[in-house]
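Trainee:
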Amino acid sequence: MRSWFAALLALALGACATGGGKLDDPTVKKVPGQVAEGIFHCSGPSGPRQYAKCDNVPIVVLLKADGACLVVVPYAELYVHGGSGPASVTWNLHAPNDYKFVAGGVRLSKREGGPDPRTVYEDGKPVANGRAFQWKLKADRKAATFDHDVTVLDKSDQPCDKVDPLIHND
32 MRSWFAALLA
42 LALGACATGG
52 GKLDDPTVKK
62 VPGQVAEGIF
72 HCSGPSGPRQ
82 YAKCDNVPIV
92 VLLKADGACL
102 VVVPYAELYV
112 HGGSGPASVT
122 WNLHAPNDYK
132 FVAGGVRLSK
142 REGGPDPRTV
152 YEDGKPVANG
162 RAFQWKLKAD
172 RKAATFDHDV
182 TVLDKSDQPC
192 DKVDPLIHND
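If you use my numbering, the sequence shown corresponds to residues 32 to 201, in order.
1. Since I believe valine 92 is in contact with tyrosine 130 (beta carbons under 8 angstroms), could you give me their beta-carbon distance rounded to a whole number of angstroms?
2. Within 10 Å of its beta-carbon, does histidine 179 have 16 or more other beta-carbons around it, so buried, or fewer, so exposed?
3. Suppose contacts are defined by Cβ-Cβ distances below 7 angstroms. Is alanine 175 in contact with glycine 145 by that definition?
4. Could you tell me which of Phe164, Tyr82 and Ala159 sits nearest to valine 181, measuring between CA atoms?
5. If you draw a straight line from the C-alpha of alanine 170 to the C-alpha of glycine 98, how long is it?
6. Going by CA-CA distance only, name the one from Lys167, Glu143 and His72 that's closest to tyrosine 106.
7. Who are the near neighbours of cysteine 191 in its chain, counting only those whose CB is closer than 7 angstroms to its CB and skipping five residues on each side?
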């Protein structure tokens with residue numbers, strides 16, 4: 032437990048030092064794994080039992096000294112081990128209570144040469160009063176890798192700065 036806290040603290044300090052950019056700032060390059068390093072594994076109902084269920088993938092919001100917020104996805108890559116049958120992936124917000132996901136809060140995008148995310152995922156929407164965001168996995172999905180972009184609004188409905196990783200489905 033103590034090493035997890037130390038890792039989270041180091042992640043938080045490193046994220047604050049990067050500064051981040053505004054949502055529409057074309058000079059800011061979003062690089063997968065820019066802040067977090069490592070892989071977060073989760074599984075669906077019939078996936079490998081050694082992994083946590085995909086109903087609590089964390090999204091952390093850090094408050095910076097200048098009052099701005101930074102969305103930190105605490106993994107470089109998300110591996111979704113779905114097994115067979117329908118399942119879902121739910122990202123949960125760890126932030127002040129008045130922060131929330133936008134309508135397209137976790138936007139999936141195609142990687143070069145890869146399939147369209149709609150061949151794997153459907154019905155993406157905020158749930159739990161905007162404190163979580165859920166995508167359903169299609170029953171007939173194929174293995175694929177996607178980029179994802181997370182958008183969280185602060186208490187003034189302004190988007191937080193962000194850093195985003197990759198998703199791998201097997």
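C-beta atoms are modelled at their ideal positions from N, C-alpha and C, and glycine is treated no differently.
Mentor: Taking the geometry as given:
1. Counted from its first residue, the sequence shown places residue 130 at position 99. Counted from its first residue, the sequence shown places residue 92 at position 61. Tyrosine 130 to valine 92, Cβ: 6 angstroms. Contact.
2. The residue labelled residue 179 in the question sits at position 148 within the sequence shown. Under this definition histidine 179 is a buried residue.
3. The residue labelled residue 175 in the question sits at position 144 within the sequence shown. The residue labelled residue 145 in the question sits at position 114 within the sequence shown. Contact flag set, yes.
4. For the purposes of this step, residue 181 is taken as the residue at position 150 of the sequence shown. The residue with the shortest Cα to Cα distance from valine 181 is Phe164.
5. Locating residue 170 in the sequence shown gives position 139, where the first residue counts as 1. Locating residue 98 in the sequence shown gives position 67, where the first residue counts as 1. Cα to Cα, the separation comes out at about 43 angstroms.
6. The count along the sequence shown starts at 1 and reaches residue 106 at position 75. Comparing Cα-Cα distances from tyrosine 106 to each of Lys167, Glu143 and His72, the minimum goes to His72.
7. Within the sequence shown, residue 191 is the residue found at index 160, counting from 1. The residues are Val92, Cys100, Leu101, Val102, Val183 and Asp185.
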